[in-house]
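Participant: Would you mind keeping the following structure in view while I ask a few things?
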Amino acid sequence: MNASTKPKGEAAKLQRGFGLLAVLGVLLVVGGLVGLLYTAFATLTTMLLFGWLLLIGGIVGLAHAVQARGSNFFWLGVVVAALNIAAGVVVIRRPEAAAEALAMFAALLFLTGGLFRLVGSLVVRGPQFGWTLLQGAFDLFLGILVLSSWPSSRYVIGTLISLALLFDGLGLIATGFGGHKIVGMVSERVAAEGGAGQADADTTKPVQPE
Numbered sequence: 017m018n019a020s021t022k023p024k025g026e027a028a029k030l031q032r033g034f035g036l037l038a039v040l041g042v043l044l045v046v047g048g049l050v051g052l053l054y055t056a057f058a059t060l061t062t063m064l065l066f067g068w069l070l071l072i073g074g075i076v077g078l079a080h081a082v083q084a085r086g087s088n089f090f091w092l093g094v095v096v097a098a099l100n101i102a103a104g105v106v107v108i109r110r111p112e113a114a115a116e117a118l119a120m121f122a123a124l125l126f127l128t129g130g131l132f133r134l135v136g137s138l139v140v141r142g143p144q145f146g147w148t149l150l151q152g153a154f155d156l157f158l159g160i161l162v163l164s165s166w167p168s169s170r171y172v173i174g175t176l177i178s179l180a181l182l183f184d185g186l187g188l189i190a191t192g193f194g195g196h197k198i199v200g201m202v203s204e205r206v207a208a209e210g211g212a213g214q215a216d217a218d219t220t221k222p223v224q225p226e
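First residue of the sequence shown: 17, per this note's numbering; consecutive thereafter.
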C-alpha cells in the first residue's frame, strides 16, 4: 500500500482499532499458553480472582441494599450480599478447596450435559444426529475423566480457563488481521475509483476556445 492509497480519517481509525484487537488477541494467546504450562498457578490465580469478585460484588450489593432499606427487597438483597461476601472470603482463604469443589461441579455438568445430549440424539434422531451424539459422548468422557482423578483434577479449572483464553485470543487475532486487511483493500478500491473518476472528468472537460 503506497502513500496515496493509505487509509485516512475514519478508515485509519478503524484500521488502528483492528490492530489493537489483534494485539489483545496476542496477549490472550500468551496468557493461555502460560496457563497451560503452569496449570496450578492458573487455577489458583483464577480462584483468587473469582473470590475477590465475589467479595467486592457482595460489598457493593450490601451497600445497595442499605440504600434501598425502605423497599420490600431489602432483606433479600442483604442475604444475597452476605452469601457473596462469605463465599468470597472462603474462596480467598481456601483457593485449592474451592478449585476442588468447582472441579466436581464441572464434572457433574459434563456428565449431565453429555447424558442429555446422548439420550436426546437417540430419541429425536434429527439432521444433526451424528454431531450431537459425538458431543454427548465427548462431554460424558470429560466428566468421567475429571471424576476419576478427583480431587487431583482440581487444576482442570486452570486448564479450561487457559484453553478459553487461547481460543479467544486466536479468534481476536483472526478478526484483527482480517479487518485490517479488509479496510486496506476497501481504501485502495475507493482511491482507485476516485482516481479513475477524476481522469474521466479531465477527459470530458470542454476545451475553451482561444
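Every residue gets a Cβ at the ideal spot worked out from N, C-alpha and C, and that includes glycine.
1. With distances taken Cα to Cα, identify the nearest neighbour of G152 among V135, L161, F89, S165.
2. Tell me the rounded alpha-carbon separation between V106 and L127.
3. What first and last residue would you give for the alpha helix (DSSP H) that runs through W91?
4. Out of I173, G185, G187, which has the shortest C-alpha to C-alpha gap to F66?
5. Could you tell me the distance, in whole angstroms, from the CA atom of W147 to the CA atom of S164?
6. Please list the terminal residues of the continuous alpha helix (DSSP H) segment that includes G74.
7. Starting from the C-beta of G192, find all residues in its chain whose C-beta is less than 7 Å away, skip the five residues before and the five after it, and write them out in chain order.
8. In the structure shown, what three-state DSSP assignment does L147 receive?
9. What number of angstroms, rounded off, separates the C-alpha of V95 from the C-alpha of T61?
10. Going by DSSP in three states, S137 sits in which element: helix, strand or coil?
11. Y54: which of A97, L176, A190, L99 sits nearest, CA to CA?
12. For Q83, does the count of other Cβ atoms within 10 angstroms reach 16, so buried, or fall short, so exposed?
13. Could you check how far apart the C-beta atoms of L49 and P111 are, in whole angstroms? I think they sit under 8 Å.
14. Near A115, which residues of its chain fall below 6 Å by C-beta distance, leaving aside the five closest residues on each side in sequence?
15. Among residues of its own chain, excluding the 5 on either side of L71, which ones have a beta-carbon nearer than 8 Å to its beta-carbon?
16. Going along the chain, which residues of its own chain have a beta-carbon closer than 6 Å to the beta-carbon of L188, five neighbours each way excluded?
17. When the Cα atoms are used, what is the spatial distance from I75 to S178?
18. Counting only the same chain and skipping the five closest in sequence on each side, list residues whose C-beta sits under 8 Å from that of A19.
19. Write down the C-beta distance between L131 and V45 rounded to the nearest angstrom, noting that I regard them as a contact closer than 8 Å.
Facilitator: Put simply:
1. V135
2. 27 Å
3. 90-109
4. I173
5. 26 Å
6. 55-83
7. F34, G35, L37, A38, G41
8. Correcting the residue identity first, residue 147 is Trp in this sequence and not Leu. W147 falls in the helix class under three-state DSSP.
9. 27 Å
10. helix
11. L176
12. exposed
13. At roughly 22 Å, the Cβ-Cβ gap does not stay under 8 Å, so L49 and P111 are not in contact.
14. T59, M63, R170, I173
15. N100, I101, G104, V105, I108
16. L37, L40, G41
17. 29 Å
18. Below a pLDDT of 50, predicted positions are generally treated as unreliable, and A19, at 46, falls in that range; no measurement from the model is reported.
19. L131 to V45, Cβ: 34 Å. No contact.
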